[in-house]
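*Asks:*
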Amino acid sequence: MTDLVIGRLRLKIFRIKMTKQNFDISDANEAVADIAYRLSEIIAIYPITPSSAMAEHCDEWASQNRKNLFDIIPTVEEMQSEGGAAGAIHGALVGGMLATTFTASQGLLLMIPNMYKIAGELLPFVMHVTARSLATHALSIFGDHSDVMACRQTGFAMLVSNSVQEAHDMACIAHAATLESRIPFIHFFDGFRTSHEINCFKRIEDDVLHSIIDKNAIVEHHNRGLSPDSPNIHGTAQNPDVYFQCRERANIVYEHSFEIVTNCMARFKKLTGREYHLFEYVGAPDADRVIIAMGSACETIEKTVHFLNLHGEKVGLVKIHLYRPFSVEHFLNVLPKSVRSIAVLDRTKEPGSIGEPLFLDVVAAIAQDRAKEIDIIGGRYGLGSKEFSPAMVKAIFEELGKTNPKKHFTIGIEDDVSHTSLQYDHEFNLEDDETFQAVFYGLGSDGTVGANKNTVKIIGAETDNYVQAYFVYDSKKSGAMTVSHLRFGKSPIKAPYLITHADFIACHQFSFINTLDILNALKPHGTFLLNSRYDVDSIWDHLPYEAQKQILDKKVSFYVIDAYEVARKCNIGGRINTIMQTCFFAISGILPKEEAIEKIKEAIKKTYGKKGQKVVEQNYAAVDATLEHLHLISIDKALNGHKRKNIVPSDAPDFVRDVTAQILSNKGDSLPVSAFPLDGVWPTATSQYEKRNIATEIPEWSPDLCIQCNKCVSVCPHAAIRSKFYDQSDANPAGFQCADFRSRDFVEKKFTVQVSPEDCTGCGLCATVCPGKSRTEPAKKALMMKQSKDIFEQTKKNYEFFQTIPYANPEILGEDFKSVQFKQPLFEFSGACAGCGEASYIRLITQLFGDRAIIANATGCSSIYGGNLPTTPYCKNADGRGPAWANSLFEDNAEFGLGLRLSINKRKELATELLKRHSSELGSDLIDNLLVNCHTESERQKQRKYILELKNKLSSASDLESKLLYTLS
Numbered sequence: 003m004t005d006l007v008i009g010r011l012r013l014k015i016f017r018i019k020m021t022k023q024n025f026d027i028s029d030a031n032e033a034v035a036d037i038a039y040r041l042s043e044i045i046a047i048y049p050i051t052p053s054s055a056m057a058e059h060c061d062e063w064a065s066q067n068r069k070n071l072f073d074i075i076p077t078v079e080e081m082q083s084e085g086g087a088a089g090a091i092h093g094a095l096v097g098g099m100l101a102t103t104f105t106a107s108q109g110l111l112l113m114i115p116n117m118y119k120i121a122g123e124l125l126p127f128v129m130h131v132t133a134r135s136l137a138t139h140a141l142s143i144f145g146d147h148s149d150v151m152a153c154r155q156t157g158f159a160m161l162v163s164n165s166v167q168e169a170h171d172m173a174c175i176a177h178a179a180t181l182e183s184r185i186p187f188i189h190f191f192d193g194f195r196t197s198h199e200i201n202c203f204k205r206i207e208d209d210v211l212h213s214i215i216d217k218n219a220i221v222e223h224h225n226r227g228l229s230p231d232s233p234n235i236h237g238t239a240q241n242p243d244v245y246f247q248c249r250e251r252a253n254i255v256y257e258h259s260f261e262i263v264t265n266c267m268a269r270f271k272k273l274t275g276r277e278y279h280l281f282e283y284v285g286a287p288d289a290d291r292v293i294i295a296m297g298s299a300c301e302t303i304e305k306t307v308h309f310l311n312l313h314g315e316k317v318g319l320v321k322i323h324l325y326r327p328f329s330v331e332h333f334l335n336v337l338p339k340s341v342r343s344i345a346v347l348d349r350t351k352e353p354g355s356i357g358e359p360l361f362l363d364v365v366a367a368i369a370q371d372r373a374k375e376i377d378i379i380g381g382r383y384g385l386g387s388k389e390f391s392p393a394m395v396k397a398i399f400e401e402l403g404k405t406n407p408k409k410h411f412t413i414g415i416e417d418d419v420s421h422t423s424l425q426y427d428h429e430f431n432l433e434d435d436e437t438f439q440a441v442f443y444g445l446g447s448d449g450t451v452g453a454n455k456n457t458v459k460i461i462g463a464e465t466d467n468y469v470q471a472y473f474v475y476d477s478k479k480s481g482a483m484t485v486s487h488l489r490f491g492k493s494p495i496k497a498p499y500l501i502t503h504a505d506f507i508a509c510h511q512f513s514f515i516n517t518l519d520i521l522n523a524l525k526p527h528g529t530f531l532l533n534s535r536y537d538v539d540s541i542w543d544h545l546p547y548e549a550q551k552q553i554l555d556k557k558v559s560f561y562v563i564d565a566y567e568v569a570r571k572c573n574i575g576g577r578i579n580t581i582m583q584t585c586f587f588a589i590s591g592i593l594p595k596e597e598a599i600e601k602i603k604e605a606i607k608k609t610y611g612k613k614g615q616k617v618v619e620q621n622y623a624a625v626d627a628t629l630e631h632l633h634l635i636s637i638d639k640a641l642n643g644h645k646r647k648n649i650v651p652s653d654a655p656d657f658v659r660d661v662t663a664q665i666l667s668n669k670g671d672s673l674p675v676s677a678f679p680l681d682g683v684w685p686t687a688t689s690q691y692e693k694r695n696i697a698t699e700i701p702e703w704s705p706d707l708c709i710q711c712n713k714c715v716s717v718c719p720h721a722a723i724r725s726k727f728y729d730q731s732d733a734n735p736a737g738f739q740c741a742d743f744r745s746r747d748f749v750e751k752k753f754t755v756q757v758s759p760e761d762c763t764g765c766g767l768c769a770t771v772c773p774g775k776s777r778t779e780p781a782k783k784a785l786m787m788k789q790s791k792d793i794f795e796q797t798k799k800n801y802e803f804f805q806t807i808p809y810a811n812p813e814i815l816g817e818d819f820k821s822v823q824f825k826q827p828l829f830e831f832s833g834a835c836a837g838c839g840e841a842s843y844i845r846l847i848t849q850l851f852g853d854r855a856i857i858a859n860a861t862g863c864s865s866i867y868g869g870n871l872p873t874t875p876y877c878k879n880a881d882g883r884g885p886a887w888a889n890s891l892f893e894d895n896a897e898f899g900l901g902l903r904l905s906i907n908k909r910k911e912l913a914t915e916l917l918k919r920h921s922s923e924l925g926s927d928l929i930d931n932l933l934v935n936c937h938t939e940s941e942r943q944k945q946r947k948y949i950l951e952l953k954n955k956l957s958s959a960s961d962l963e964s965k966l967l968y969t970l971s
């Protein structure tokens, strides 16, 4: 894998007709790629989340022989790294070609050396960046401005987009401006929040692009290309006598850039009617308080500004489009003369700085004109895609109104360490009643996100509604919760924040209702749709008390369907997406029921047509069967539900109870700063507490058919099924199954295969690989997948008892296939996809070497299910030993691992030297035993006893060398 790829379903640009204009529906990635492809001749790519989609779209279009604006097919070349892509782009530009690329985060940082060269050589070029967090104390694939801010010194111009429409438009303006100015551009927009938000936008047609792009500038760029016909030299080496002067030579180009970008924006307005400026002010003309920001936050701030001004405030917003070069003149011209206090918002953090980049720029700009008149404060927000809402904007304006506001603040977190955070009203809400808001809770890979993307297309095309869709993903590819936020309304939707007051909530996985407060965001008299394996008569009794109370108190319309039963009858496996989508249309009434079903079937044909007509017909059948299985539940009920259990056991470690449990409960946003480790180091062995309970089918073991081969244990990617042999016990609870262990070496032992029902993902690999069959009924095997609800409680009790049985001593086990499976796996219950082909090997490695393993993990799938919060699957044995795991960056795994190996070698070298120095007081026999190379498990266990003896001797020593030897032991 090249990198994490979240939400791989791609939404094709979809044309819809609305009141007066034609609009398209897409996310910003496709809207930007559409422009970049049409205006490029060479596209060098190396996919990285969340920009991957732009590269993939271009690659797909080129493979379809789609021509660009100049009637040629661009060359799309995938390179071996981001640095390689930047190098290829540099070469293409020096060769005189129109080139582009897409990147984010660490990928962008790897391009920085080439960016200095490209800017220094004044090569026109646009790089489109989905601005994203950088890996610091931890990896984050989510959005902020950390990456682009690390590039502001390269000489690239930096143009910012705030929405899907702006991303499409600014891409065009950037390509036009770079050709005329010769300054290369970073065009950036917020990763995920903008890049993956689906919204309506007006597409720029080819005739507009032809009019706005200066063809003479293209010819000039081609003519400057390196050629033996008119040879010249690029990239000389310069001495102290001239380097400084040459570096200053390009100043005039940057001074002219403001006029060039302004002219491009003016031409763009004339051609499209959409108006942009380097800086834009919205709000009261006599505002006394102003926020300055860039990116998707501007949409949220603008909406809040209008609301506050309607209620008697005098506030405003300055939106930045051209961040680099920064025009002080244009900035000061848009700032109202009445302003007395300014809050500057940065979506990045620079530790040790006296302020973040935009704050320092604004302070410097104001200082050139009227520093004494304006009080300026700076704040950080939205790091790692942290939510930024109107309530937070309101709190910032309130802080600006204080006599002594915080000079440096944070918003959206509770900082109980540095005390920088502002308090805000969580109930503040700007949503109007005309906008329909729906939230869908699904499981990664169950099709919920894909169905909701189709829903947006259908409603956008078939009604006069504007649409917006945003999807909240865990970093994991599947098996984790996805939350889809959909809005539909009569006016353009500018709300780049999550829904907190929903008209409709759907829960596609029943287990969520038992662990999460799903209904908290549902409005009174709202609608709740639940996918449940329980029938109409019993569903109420299986709801937790808290959910029952919310349904009754809010007078909720409560619908239930067993989508898995419908899917099973229609032979479509676990894909419940079209079934739940049909339910939504049937309940919401946004489209007439018959019309909605027709459109759903059209979407099915487009989505599944390549898989054959049979698959299409099966999905059609599922849609037709849905309505007869959808039931409205009477809420004239008693509050008789069970209380939600603690999400982790009461005897879990403090950190797990205080921190991990909050994240598992979807309340991580509320954790204060003090809750987290200072250096980003987290404990292992926490996945055992998660208990996702996502499998609808789990294996049932038949001891009489089992041949005790341990193949089921070997293939389970999640270590959810295990085997043990042990002494006969009278303590076996009722229903616990065992068989006589078939072994020449271990006689009179019992044998059990046991699954953990709350950790099983239901992939069925164990049942598939099981060779044990009944002679009389060949279809019956030793492991059979059964409905979880039918055997769950007994299986759970059995697993709890199974955990009390000790694992066999590794010293007595062989290294053959079967014996290894009796060893404790030190990698368990990961977030890997159900049936993952990698995780089984990792589990096997930990069974062989786990108590002495140090792992340097490359970034990709294995780092996400291996080190993703809130829980980690690497665990410990009874002695507290287990794999030590670390991940550096995406591109340096081999070097990082080498460094760890060198450190291990050096530790051994130092320990050996210190042992020899202290041989007289420690004893030569002990030292000889410690320095023996171990090859077997028995030898390793003996050496550990010698190490313990050594530590006991050194524990009371006070000299430096003894203390050092103790730490190295």
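Residue 828 in my numbering sits at position 826 of the sequence shown; the count goes up by one each step and never skips.
Even glycine gets a Cβ: it sits at the ideal position worked out from N, Cα and C.
Quick caveat, the model's predicted, so the values are computed rather than measured.
(1) Starting from Lys-321, follow its DSSP beta bridges and name the residues at the other end.
(2) What does the Cβ neighbour count give for Gln-66, buried or exposed, with the cut at 16 atoms within 10 Å?
(3) From the DSSP output, in three-state form, read off Thr-132 for me.
(4) Pop quiz: Val-757 and Ile-723 are said to be a contact at Cβ under 8 Å. What is the actual Cβ separation, rounded to whole angstroms?
(5) Suppose you measure from the CA of Arg-845 to the CA of Glu-830; what does that come to, to the nearest Å?
(6) Pick out whichever of Ile-949, Thr-484 and Ser-447 has its Cα sitting closest to the Cα of Ala-836.
(7) Based on the DSSP secondary-structure assignment, which residues constitute the bridge partners of Arg-382?
(8) According to DSSP, is Gln-66 part of a helix, a strand, or is it coil?
(9) Rounded to a whole number of angstroms, what is the C-alpha to C-alpha distance between Ala-654 and Cys-838?
(10) Please report how far the alpha carbon of Ile-356 lies from the alpha carbon of Val-365, in whole angstroms.
(11) Between which two residues does the alpha helix (DSSP H) holding Thr-848 run?
(12) Cutting at 6 Å between CB atoms, please list the residues of its own chain near Pro-773, excluding the five before and the five after it.
(13) Pick from Gln-511, Pro-872 and Phe-490: whose alpha carbon is nearest that of Ala-504?
(14) How many angstroms separate the CA atom of Thr-914 from the CA atom of Leu-933?
(15) Please state the DSSP three-state secondary structure of His-224.
(16) Whose C-alpha, out of Ala-179, Asn-454 and Gly-285, is nearest the C-alpha of Ala-219?
(17) Roughly how many whole angstroms lie between the Cα atoms of Ser-960 and Lys-693?
(18) If distances are taken between C-alpha atoms only, which option among Pro-115, Asn-533 and Ile-415 comes closest to Gln-155?
(19) Please state whether DSSP places Leu-912 in a helix, a strand or coil.
(20) Using a 10 Å radius around the Cβ and a threshold of 16 neighbouring Cβ atoms, would you call His-92 buried or exposed?
(21) By how many angstroms is the C-alpha of Ser-725 removed from the C-alpha of Lys-799?
(22) When the Cα atoms are used, what is the spatial distance from Ala-975 to Ser-107?
(23) Which residue comes first and which comes last in the alpha helix (DSSP H) that contains Asn-712?
(24) Does the distance from the CB of Val-625 to the CB of Ile-599 come in under 7 Å?
(25) Heavy atom of the ligand FMN less than 6 Å from the Cβ of Ala-624, yes or no?
(26) For the beta strand (DSSP E) containing Phe-824, name the first residue and the last one.
(27) Report buried or exposed for Pro-885, applying the criterion of at least 16 other Cβ atoms within 10 angstroms of its Cβ.
(28) Tell me, please, whether the segment 188 to 205 touches the segment 225 to 237 by the rule of three or more beta-carbon pairs shorter than 8 Å.
(29) Going by the DSSP bridge assignment, what does Thr-754 pair with across the sheet?
(30) Using a 10 Å radius around the Cβ and a threshold of 16 neighbouring Cβ atoms, would you call Lys-22 buried or exposed?
(31) Would you identify the three-state DSSP class for Leu-532, choosing helix, strand or coil?
(32) Beta carbon of Val-128, beta carbon of His-177: below 7 Å?
(33) Leaving out five residues before and five after Ser-213 in sequence, what residues of the same chain have Cβ atoms less than 6 Å from its Cβ?
(34) At the level of alpha carbons, what is the spacing between Val-658 and Phe-738?
(35) Since Ile-185 and Leu-124 should fall inside the 8 Å C-beta cutoff, what is the C-beta to C-beta distance between them, to a whole number of angstroms?
(36) Looking at the structure shown, is Ser-559 part of a helix, part of a strand, or coil, going by DSSP?
*Replies:* In brief:
(1) Position 319 of the sequence shown holds residue 321. Looking at the DSSP assignment, Lys-321 forms a beta bridge with Glu-282 and Ala-295.
(2) Within the sequence shown, residue 66 is the residue found at index 64, counting from 1. Exposed is the call here.
(3) Along the sequence shown, read from residue 1 onward, the residue named residue 132 stands at position 130. Correct three-state label for Thr-132: strand.
(4) Along the sequence shown, one-based indexing puts residue 757 at 755. Along the sequence shown, one-based indexing puts residue 723 at 721. Yes, they are in contact, since the Cβ atoms of Val-757 and Ile-723 sit about 5 Å apart, within 8 Å.
(5) Walking along the sequence shown from the start, residue 845 turns up at place 843. Walking along the sequence shown from the start, residue 830 turns up at place 828. Rounded to whole angstroms, Arg-845 to Glu-830 spans 7 Å at the Cα level.
(6) Walking along the sequence shown from the start, residue 836 turns up at place 834. Checked all of Ile-949, Thr-484 and Ser-447; the closest Cα to Ala-836 is Ser-447.
(7) For this step, residue 382 is matched to residue 380 along the sequence shown. In the DSSP output, where bridge partners are listed per residue, Arg-382 has Asp-348 and Thr-412.
(8) Working through the sequence shown from its first residue, we reach residue 66 at position 64. In the structure shown, Gln-66 sits in coil (DSSP, three-state: anything other than H, G, I, E or B).
(9) Residue numbering aside, residue 654 sits at position 652 when the sequence shown is read from its first letter. Residue numbering aside, residue 838 sits at position 836 when the sequence shown is read from its first letter. Rounded to whole angstroms, Ala-654 to Cys-838 spans 28 Å at the Cα level.
(10) Numbered from 1 along the sequence shown, position 354 holds the residue referred to as residue 356. Numbered from 1 along the sequence shown, position 363 holds the residue referred to as residue 365. When rounded, the distance between both Cα atoms is 11 Å.
(11) Reading the sequence shown from its first residue, position 846 is the one you call residue 848. 841 to 851 is the extent of the alpha helix (DSSP H) around Thr-848.
(12) Walking along the sequence shown from the start, residue 773 turns up at place 771. The answer is none, since no qualifying residue turns up.
(13) The sequence position of residue 504 within the sequence shown is 502, counting from 1. When each option's Cα is compared against that of Ala-504, the closest is Phe-490.
(14) Taking the first residue of the sequence shown as 1, we reach residue 914 at position 912. Taking the first residue of the sequence shown as 1, we reach residue 933 at position 931. Their Cα atoms are separated by approximately 7 Å.
(15) Start at 1 with the first residue of the sequence shown, and residue 224 comes out as number 222. Helix.
(16) Here residue 219 is taken as the residue at index 217 of the sequence shown, counted from 1. Comparing Cα-Cα distances from Ala-219 to each of Ala-179, Asn-454 and Gly-285, the minimum goes to Ala-179.
(17) Here residue 960 is taken as the residue at index 958 of the sequence shown, counted from 1. Here residue 693 is taken as the residue at index 691 of the sequence shown, counted from 1. Spanning the two alpha carbons is a distance of roughly 46 Å.
(18) By 1-based counting over the sequence shown, the position of residue 155 is 153. Among Pro-115, Asn-533 and Ile-415, the Cα nearest to that of Gln-155 is on Pro-115.
(19) Position 910 of the sequence shown, counted from the start, is the residue given in the question as residue 912. Looking at Leu-912 - three-state DSSP - the assignment turns out to be helix.
(20) On the sequence shown, position 90 is the one that residue 92 refers to. It counts as buried.
(21) By one-based count along the sequence shown, residue 799 stands at place 797. By one-based count along the sequence shown, residue 725 stands at place 723. The straight-line gap from Cα to Cα measures roughly 16 Å.
(22) As shown, the chain starts at 3 and ends at 971. That puts residue 975 outside it, with no answer to give.
(23) Your numbering for residue 712 matches position 710 in the sequence shown. Per DSSP, Asn-712 belongs to no alpha helix (DSSP H) and is neither H nor E.
(24) On the sequence shown, residue 625 is found 623 positions in, with the first residue counted as 1. On the sequence shown, residue 599 is found 597 positions in, with the first residue counted as 1. Yes, these two residues count as a Cβ contact at 7 Å.
(25) Inclusion of the ligand FMN in the displayed structure is not the case, the ligand content being empty and no account of it being possible.
(26) As a first step, residue 824 is located in the sequence shown; it is residue number 822 there, counting from the start. It is not in any beta strand (DSSP E) - Phe-824 carries neither H nor E in the DSSP assignment.
(27) The sequence position of residue 885 within the sequence shown is 883, counting from 1. By the 10 Å Cβ count, Pro-885 comes out buried.
(28) no
(29) Start at 1 with the first residue of the sequence shown, and residue 754 comes out as number 752. In DSSP, Thr-754 forms a bridge with Lys-726.
(30) Locating residue 22 in the sequence shown gives position 20, where the first residue counts as 1. With a pLDDT of 32 at Lys-22, under the threshold of 50, the modelled position of this residue cannot be trusted; read the value that follows with caution. Looking at its Cβ environment, which holds fewer than 16 other Cβ atoms inside 10 Å, Lys-22 is exposed.
(31) The count along the sequence shown starts at 1 and reaches residue 532 at position 530. Looking at Leu-532 - three-state DSSP - the assignment turns out to be strand.
(32) On the sequence shown, residue 128 is found 126 positions in, with the first residue counted as 1. On the sequence shown, residue 177 is found 175 positions in, with the first residue counted as 1. Yes, the pair counts as a contact, with Cβ atoms nearer than the cut-off.
(33) Mapped onto the sequence shown, residue 213 falls at position 211. So the list reads Leu-273, once near-sequence residues are dropped.
(34) Against the sequence shown, residue 658 aligns to sequence position 656. Against the sequence shown, residue 738 aligns to sequence position 736. Near 30 Å, if we compare the C-alpha coordinates of Phe-738 and Val-658.
(35) Counting from one through the sequence shown, the residue named residue 185 turns up at place 183. Counting from one through the sequence shown, the residue named residue 124 turns up at place 122. With a Cβ gap of about 7 Å, Ile-185 and Leu-124 count as contacting.
(36) As a working mapping, residue 559 is identified with position 557 in the sequence shown. Reduced to three states, the DSSP call for Ser-559 is strand.
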